[in-house]
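Undergrad: Under the working numbering, the first residue of the sequence shown is numbered 5, with each subsequent residue one higher. Virtual Cβ for every residue (Gly too), placed ideally from N, Cα, C. The structure presented is a predicted model; accordingly, all values stated were derived computationally and were not measured. One structure is given below, represented as structure tokens, and several questions about it will come after.
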Amino acid sequence: MLIGLPPESRDDEPRGARAHFLQVFLSQRSQMEALVNRRVGCRATAADLVQDLFLRFWRRPLVQVEELSTYLLRCAGNIAIDHLRSEGTRVRVNEGWQPDEPDSHGSEPQAALEAGNDLRHVEAALRALPERTRQIFLLNRIHGRKYAEIAKAMGLSQSAVEKHMMRALEACKASLRDPAPRPPGKAP
């Protein structure tokens with residue numbers, strides 16, 4: 005079965021293909037809406053998604069499908085899944101922008117001050133590292149280089165790069181636990 009041809013797009017379209025698609029789609033519409041409604045939990049959203057599905061097929065070039073009704077049901081299920089995924093992403097993004105506490109505006113300046121202090125402590129710890137360790141840390145964390153790339157560029161083994169990174173990360177963690185900078189390798 006041929007589906008999804010816009011009326012003005014092709015002159016060689018079989019005359020009955022569009023009519024057959026419309027007939028099958030309309031006969032399957034209630035099943036598709038019920039399927040989508042079960043997945044998304046909203047009848048209005050299900051109707052909108054099925055309508056969007058119709059428009060997608062109506063505008064797309066000819067596609068050969070063996071069993072159109074089954075194909076449409078599968079596509080309806082897929083469009084419901086896509087909708088749920090996009091909603092989940094939207095919710096996660098919105099939650100990331102909303103404050104966790106209802107009255108967190110009063111603590112924002114304090115949090116910014118603490119973050120600034122933490123950053124200064126980490127910067128001081130990084131400056132106190134040996135040059136090679138600091139360079140490896142910056143190549144990995146700031147420039148996004150992989151350990152293998154750093155090892156090759158610096159003529160080191162990957163294991164040595166990993167050890168330098170562990171040393172740098174431990175210095176950063178220690179600077180947040182104990183804000184007084186200390187030389188690397190010295191126990192607290």
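What alpha helix (DSSP H) runs, 4 residues minimum, are completely inside the stretch 132-181?
TA: Complete alpha helix (DSSP H) runs here, min 4: 135-145, 151-158 and 162-181.
Undergrad: Measure the C-alpha to C-alpha separation of Arg181 and Leu123 and round it to an integer number of angstroms.
TA: Taking the straight line from one Cα to the other gives about 13 Å.
Undergrad: Quick check on the DSSP output: what are the complete beta strand (DSSP E) runs of length 3 or more inside the stretch 18-53, in order along the chain?
TA: For the stretch 18-53, not a single whole beta strand (DSSP E) run of length 3 or above is found.
Undergrad: Spatial neighbours of Lys177 within its chain, please: C-beta separation below 7 Å, excluding the five flanking residues on both sides.
TA: Contacts found: none.
Undergrad: How close, in whole Å, do the beta carbons of Arg33 and Val54 come, if the pair is a contact with beta carbons under 8 Å?
TA: Contact flag correct, Cβ pair sits at about 6 Å.
Undergrad: Give the DSSP bridge partners of Gln114, in chain order.
TA: In DSSP, Gln114 forms no bridge with anything.
Undergrad: Which whole-angstrom value describes the C-beta separation of Met169 and Phe141, a residue pair presumed to lie in contact below a C-beta threshold of 8 Å?
TA: Their Cβ separation, rounded to whole angstroms, is 6 Å, which keeps Met169 and Phe141 in contact under 8 Å.
Undergrad: Sorted by chain position, which residues of the same chain lie with C-beta nearer than 6 Å to Ile83's C-beta, five sequence neighbours on each side aside?
TA: The answer, listed in chain order, is Leu53 and Leu57.
Undergrad: Near Arg47, which residues of its chain fall below 7 Å by C-beta distance, leaving aside the five closest residues on each side in sequence?
TA: Contacts found: Asn41.
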